[in-house]
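Residue numbers (this note's numbering), protein chains in the order written: chain Y, 19 to 240; chain P, 19 to 240.
Yeah, the Cβ is synthetic: ideal placement off N, Cα and C, and Gly gets one too.
Now the structure itself:
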């Protein structure tokens, strides 16, 4: 490639990175809004999450197309190709995180519409802190092309899984005490499940960064 | 490309298609084994599912690498590139279906180890028939490069979602009748959730086939 073409190509890759980080920011915002909306009962904020989900879906389709076009046009090799392939995988996981945030918001809206009766009290603050931290660090690793973050994200995913299991135990104890809490307990269960899934996707994203930086597939190695 | 190289390239693409269909067959087998094992209590069969999951994971990593290498080496354009990109997405969803089958098997093993006490009776046969049909038709569409199947798969996914919601209602009624069924009900809930997820992934796969054949992104259009 000529110097001119290389510079254009670099701009295209940089544009993709910027778009993905912007999409990541939107998804982070959705997750935060779903958590805060659930904690405060601000249903306007929760409904905003449903709006944002459409934007995130559109971003995925757009960025996916840009990546496809760049691969077809530039026929990149080695690290550039890995960046593009990893980018397509990143946006897939990001979009799924957006889906989970949407589920959380829907659950929270239903929760407040039904009123607080028969609702078990569950504190999700520790679990949500871990999940949002995992996601933020995975995106940050992508921005800085830093593969070193994966180990700590994988460790944190195990902590999130423990929180999820403890939530199930707690919900079971509520239902055993009063079976009328079952409907709301199942809502809570799915709220927690959505957070746990965001943790899984964040772990995937950290693994895509390792593949991008080192060209090594680190999935399924536990 | 010369005629010779084109023939080699065609062989490489055909090899990828064959590998994916083989991987698909493995995942279908896992799902069937999880369902039959759960229905019959054959724990040896259920434990077989856990073994198979490792093979499916390895297949994903292998095929992903082959696709990456072919893209880097052949620098394909247009329909060949779409085939390769769609292939990488197919195996991702297939691997997730394998994960869900593994979860079903684990749940079923726990179910039989705990004994049948306090277990709600749920008939999953209709839901599982739809899910296995969706998956089989998505794989078949990939094999035959047939985009026409997507509409019926999307419709069937809605039926599966209805079954899932009905399962939740039924489980709630069991727990309201006797709260001691709660633990086993949650197991059943996750068993059904795993099936519902396999339906989602099958829908994704049918959508990847449309992209592959028509070059059009049909996700997020409902």
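Beta-carbon spacing of residue i, residue j below 8 angstroms
i: residue 119 of chain P; j: residue 172 of chain P; result: no
i: residue 213 of chain Y; j: residue 149 of chain Y; result: yes
i: residue 102 of chain P; j: residue 85 of chain P; result: yes
i: residue 108 of chain P; j: residue 160 of chain P; result: yes
i: residue 112 of chain P; j: residue 43 of chain P; result: no
i: residue 220 of chain Y; j: residue 152 of chain Y; result: yes
i: residue 110 of chain P; j: residue 229 of chain P; result: no
i: residue 90 of chain Y; j: residue 96 of chain P; result: yes
i: residue 31 of chain P; j: residue 98 of chain P; result: yes
Proximal residues to residue i (C-beta, below 7 angstroms), its chain only, five neighbours per side dropped
i: residue 203 of chain Y; result: 138, 189, 192, 193
i: residue 205 of chain P; result: 125, 128, 129
i: residue 154 of chain P; result: 46
i: residue 141 of chain P; result: none
i: residue 59 of chain Y; result: 130
8 angstroms contact criterion, which residue i and residue j should meet: CB distance rounded
i: residue 123 of chain Y; j: residue 52 of chain Y; result: 4 angstroms
i: residue 223 of chain Y; j: residue 181 of chain Y; result: About 20 angstroms separates the two Cβ atoms, so there is no contact after all.
i: residue 231 of chain Y; j: residue 132 of chain Y; result: Wrong, their Cβ atoms sit about 47 angstroms apart, outside the cutoff.
Any chain P beta carbon closer than 8 angstroms to residue i
i: residue 53 of chain Y; result: no
i: residue 68 of chain Y; result: no
i: residue 220 of chain Y; result: no
i: residue 104 of chain Y; result: no
i: residue 49 of chain Y; result: no
i: residue 186 of chain Y; result: yes
i: residue 190 of chain Y; result: yes
i: residue 165 of chain Y; result: no
i: residue 197 of chain Y; result: yes
i: residue 96 of chain Y; result: yes
Cutoff 8 angstroms: residue i Cβ touching any chain Y Cβ
i: residue 93 of chain P; result: yes
i: residue 88 of chain P; result: no
i: residue 127 of chain P; result: no
i: residue 157 of chain P; result: no
i: residue 204 of chain P; result: yes
Cut-off 6 angstroms between Cβ atoms - residues of its own chain near residue i, not counting five sequence neighbours on either side
i: residue 198 of chain P; result: 136
i: residue 177 of chain P; result: 148
i: residue 37 of chain P; result: 81
Distance cut-off 7 angstroms: residue i Cβ against heavy atoms of the ligand FMN
i: residue 102 of chain P; result: In the structure on display, the ligand FMN does not appear, and there are no ligands present to speak of.
8 angstroms Cβ shell around residue i - same chain, five flanking residues per side excluded
i: residue 39 of chain P; result: 157, 160, 161
i: residue 71 of chain P; result: 48, 116, 117, 119, 120
i: residue 75 of chain P; result: 113, 116
i: residue 175 of chain P; result: 152, 217, 218, 220, 221
i: residue 236 of chain P; result: 168, 225, 228, 229
Interface residues of chain C facing residue i [CB-CB closer than 7 angstroms]
i: residue 201 of chain P; result: Included in the structure are the protein chains Y and P, with no chain C among them.
| said: Give the list of continuous alpha helix (DSSP H) stretches no shorter than 4 residues that lie fully inside the segment 46 to 124 of chain P. | reply: 61 to 92
| field | Minimum length 4: unbroken alpha helix (DSSP H) runs contained in the segment 156 to 226 of chain P | value | 168 to 195
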